[in-house]
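Student: For the sequence shown, numbering that gives the first Met the number 0 assigns the number 333 to the last residue and increments by one with no breaks. Handing you this structure, nothing more for now.
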Amino acid sequence: MRPHALGIFGAVQAVRGTGLVKRFGATTAVDGLDITIAPGEVRGLLGPNGAGKTTLLRMLFGLIRPDGGTVELLGQTLDHLGGDVLAGVGGFVEEPAFYPYLSGRSNLRLLARLDGQLARAEEIELALGRVDLARRADDRVSGYSTGMRQRLGLAAALLRRPRLLLLDEPTSGLDPAGTRAVATLVRELAADGVAVLLSSHQIGELEKVCDSYTVLRQGRAVWDGSAAELETQAPGSAYSLYTSDDAHALELASAIPRIRIQPASRGGLAVAARPEQMDELVAALGDARILIRRLELVVSPLESMFFALTGEHDAAALDTLGPQQLADAILAGA
Ligand code: ATP
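Structure representation (structure tokens):
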């Protein structure tokens, strides 16, 4: 690794991958990919199975050598397969691995020592507490559930005092409370300036934590941008709406251009709309004194965008589907 000059605006990026290519025989797993993550940014990495997410993460960790392109982490060029993972970089790829016959706490102590850090007891306790594993820290890892191993993996990553966290499916195997806790932890770390790259199949979970997304398909970035850009470009969301007078609500909605609405198969109304059209509908219902009893987001902008980019429907086709079809198509593909 060698020190690198400052970026064009003087800010060192946490990740700067340029023109990355990785081939396995005839398969091009990553095909000319550029990716940048700023300090304090949480970037979601999305893509269907085989899109190249894990291959990208393995290249960033220096576990495999790219066939083309360069990786800079925290301002340093990564010399692949040479030496340890860069100081300040933490995380795991595929799944975290531990000694099964040792306790969670002993594994962390060992890792900290192997890492050349002083095994500072209070830091280990703090990390165990942050992932809510303190109570089970003396149990052998062989008795841990998948979710508990994921939590221990996160604790191990925290011990490296990371400025960049690379996390492959960190919420797989976690229960809803655990998933929420990881989301909170990631946001806290980002607020302290830690950059995070997070791959996940749970689109709904990514939506709660990410500032930006890279969507991969067949090794290429088919979309790259901020959460706000995604919201404006997504082909609409689907909602489930229950009102005090659905027939009247249906009539009012049909006067709003480009909103798609129909009685839903499971009761209430199914609505496909962009956020500004939904605002208009809610205001119209209020003016007509129709009460909203329940309004649920069934398909989020990120889900519809992901589906448009990686599924068989393109964005224009999604715009012509009825709301129930939109929700059904996306939920079936999820
Ligand atoms: P998933 O969501 O299923 O984990 P992914 O997006 O992480 O998928 P990768 O595991 O990066 O995808 O795989 C990308 C492509 O590269 C796939 O076609 C896969 O079969 C291939 N590939 C990955 N690793 C190897 C390897 N070691 N040898 C041969 N092919 C590989």
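Where is the CB? At the ideal position from N, CA and C, for every residue including glycine. Given the structure is predicted, the values throughout are model-derived calculations rather than measurements.
So, does the region 129 to 137 touch the region 59 to 69, judging by three or more C-beta pairs under 8 Å?
Tutor: no
Student: If you count every other CB in all the chains shown that lies within 10 Å of the CB of Leu166, and 16 or more means buried, which is it?
Tutor: buried
Student: Quick test of your reading: Val195 and Val181, contact by CB under 8 Å. State the CB separation rounded to the nearest angstrom.
Tutor: With 8 Å as the limit, Val195 and Val181 do not qualify as a contact, their Cβ atoms being about 11 Å apart.
Student: Over the uninterrupted alpha helix (DSSP H) stretch that includes Thr349, give me the two end residues.
Tutor: Any answer about residue 349 is impossible in this case: the structure gives the chain only from 0 up to 333.
Student: In the DSSP assignment, find the beta strand (DSSP E) that holds Ser303 and state where it starts and stops.
Tutor: That residue, Ser303, is in no beta strand (DSSP E); its alpha helix (DSSP H) goes 300 to 309.
Student: Under 8 Å by Cβ, that's how I've got Cys209 and Ala226 pegged, so tell me the actual separation to the nearest angstrom.
Tutor: Confirmed, about 6 Å.
Student: Rank Val130, Leu151, Leu72 by C-alpha distance to the C-alpha of Asn106 and give the top, closest one.
Tutor: Comparing Cα-Cα distances from Asn106 to each of Val130, Leu151, Leu72, the minimum goes to Leu151.
Student: When you compare only the Cα positions, how much space is there between Ala263 and Val281?
Tutor: For Ala263 and Val281, the distance between alpha carbons rounds to 18 Å.
Student: Using the Cα positions of Leu251 and Ala307, report the straight-line distance between them to the nearest angstrom.
Tutor: 29 Å
Student: Taking 6 Å as the line, does the beta carbon of Gly51 fall inside it for any heavy atom of the ligand ATP?
Tutor: yes
Student: Quick one, which of Ser243, Gln217, Tyr238, Gly177 has its alpha-carbon nearest Gly128's?
Tutor: Answer by Cα proximity: Gly177.
Student: Any heavy atom of the ligand ATP closer than 6 Å to the Cβ of Ala272?
Tutor: no
Student: Where does Glu228 fall in DSSP's three states?
Tutor: If DSSP states are grouped into helix, strand and coil, Glu228 belongs with the helices.
Student: How is Arg15 classed by DSSP in three states: helix, strand or coil?
Tutor: strand
Student: Do you know how far the Cα of Ala156 is from the Cα of Leu109?
Tutor: 13 Å
Student: Measuring only the C-alpha atoms, how far is Leu119 from Val270?
Tutor: The sequence as given places Arg at residue 119; Leu does not occur at that position. Rounded to whole angstroms, the separation of the alpha carbons of Val270 and Arg119 is 55 Å.
Student: Taking the beta strand (DSSP E) that Pro262 belongs to, which residues open and close that run?
Tutor: 259 to 262
Student: Output yes or no for whether 7 Å exceeds the beta carbon distance between Leu205 and Gly43.
Tutor: yes
Student: Give me, in chain order, the residues of the same chain whose beta-carbon lies closer than 7 Å to that of Phe305; leave out the 5 immediate sequence neighbours on both sides.
Tutor: Leu45, Ile202, Val214
Student: Once you ignore the five residues that flank Leu56 on each side, which residues in its own chain have a CB closer than 7 Å to its CB?
Tutor: Val92, Leu165, Asp167, Ser198
Student: For Glu168, name the three-state secondary structure that DSSP assigns.
Tutor: Three-state result, Glu168: coil.
Student: Do Gly267 and Leu240 have their beta-carbon atoms positioned less than 7 Å apart in this structure?
Tutor: yes
Student: Are the beta-carbon atoms belonging to Arg22 and Gly89 less than 7 Å from one another?
Tutor: no
Student: With Gly68 as the anchor, note down where its beta strand (DSSP E) starts and where it stops.
Tutor: 67 to 72
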